[in-house]
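A.B. asks:
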Amino acid sequence: EDKVVQSPLSLVVHEGDTVTLNCSYEVTNFRSLLWYKQEKKAPTFLFMLTSSGIEKKSGRLSSILDKKELFSILNITATQTGDSAVYLCAVEPSSGNTGKLIFGQGTTLQVKP
Amino acid sequence: GAGVSQSPRYKVAKRGQDVALRCDPISGHVSLFWYQQALGQGPEFLTYFQNEAQLDKSGLPSDRFFAERPEGSVSTLKIQRTQQEDSAVYLCASSLAPNTEAFFGQGTRLTVV
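Listed in order, the protein sequences are those of chains R and V. Letter 109 of the first sequence, counting from 1, is numbered 97 in the working numbering, and no numbers are missing. So the mapping is simple: the working numbering equals the position in the second sequence, first residue as 1, plus 21.
1) Can a CB atom of chain R be found closer than 8 angstroms to the CB of E106 (chain V)?
2) For Q62 (chain V), go through chain R and note every residue whose CB falls closer than 9 angstroms to its CB, in chain order.
3) If the cut is a Cβ gap below 9 angstroms, which residues of chain V does L76 (chain R) touch?
4) For G30 (chain R), would you say it is in contact with chain V, using Cβ-to-Cβ distances shorter than 8 angstroms as the test?
5) On a CA-only basis, which of V:A41, V:I47, V:R36, V:Y56 is nearest V110 (chain V)? Give me that one, please.
6) With 9 angstroms as the C-beta to C-beta threshold (strictly closer), list the residues of the region 4 to 26 of chain R near chain V in chain order.
7) Would you mind stating whether S52 (chain V) and Y31 (chain V) have Cβ atoms separated by less than 8 angstroms?
8) Checking 8 angstroms against the spacing of the C-beta atoms, do L37 (chain R) and S12 (chain R) come in under that value?
9) Of all the beta strand (DSSP E) runs that stay within the bounds of the region 27 to 95 of chain R, which reach a length of 3 or more residues?
10) Spatial neighbours of V33 (chain V) within its chain, please: C-beta separation below 7 angstroms, excluding the five flanking residues on both sides.
11) Specify the secondary structure class of E106 (chain V) as computed by DSSP and reduced to three states.
12) Nearest-angstrom Cα distance between L76 (chain V) and A123 (chain V)?
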């Protein structure tokens, strides 16, 4: 069965800290791995990763994929209170060719002032 | 439209009542997804449409759940004879084409009492 596991489930840090969120997956046929940020209700897209070892970066956020070890990490440097959210990792299987996503449970990040 | 729009934002239903949740995808988007997100969990796939065709309904939890997209634009998720375990946030997402970035709506929070 395809599955995605995220760790830790929750994390509390102070502004300025650096955090690393983990995502491991098992999927029969892998197409891509995606990271989303969920505040309130709508998940918003952060990154899509398809190739191993290539870091994607956007401001203070970066992510990398290891297709051999089947995991990805999301790094946030110099955290701010606005980074407080649930971070979701999802894997898109290549079977079915629809874009259907399999999500992990999410990591709840709280950044304290 | 500017984004994926869902209505209502909140719905309280008495157990046994039928409900209908609406999704207006981004104009021109071919692919449309419904996900169910229970409290503290990641979204779980329910069903997928490509235009008006429902190509994958493998995630619908029971025959009480029914989705349609008759003209390939607006979609409705209907839940008959609601049960307490149906309480969740129902998220709709659309993408321009299969296997492209999906944009999520704000969701409908359904509470069955």
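For glycine and all other residues, C-beta sits at the position ideal for the given N, C-alpha and C. All figures in this text were calculated on a predicted structure; none of them were measured in a lab.
C.D. replies: Considering the structure as presented:
1) Interface with chain R (8 angstroms Cβ-Cβ cutoff): E106 (chain V) is excluded.
2) F91, Q93, G94
3) G63, P64
4) It should be noted that the sequence gives Ala, not Gly, for residue 30 (chain R). Judged by the 8 angstroms Cβ criterion, A30 (chain R) is in contact with chain V.
5) V:Y56
6) R19, S20, L22, Y24, Q26
7) no
8) no
9) 31 to 37, 44 to 46, 49 to 54, 59 to 64, 73 to 81
10) T132, V134
11) helix
12) Between L76 (chain V) and A123 (chain V), the C-alpha separation is close to 17 angstroms.
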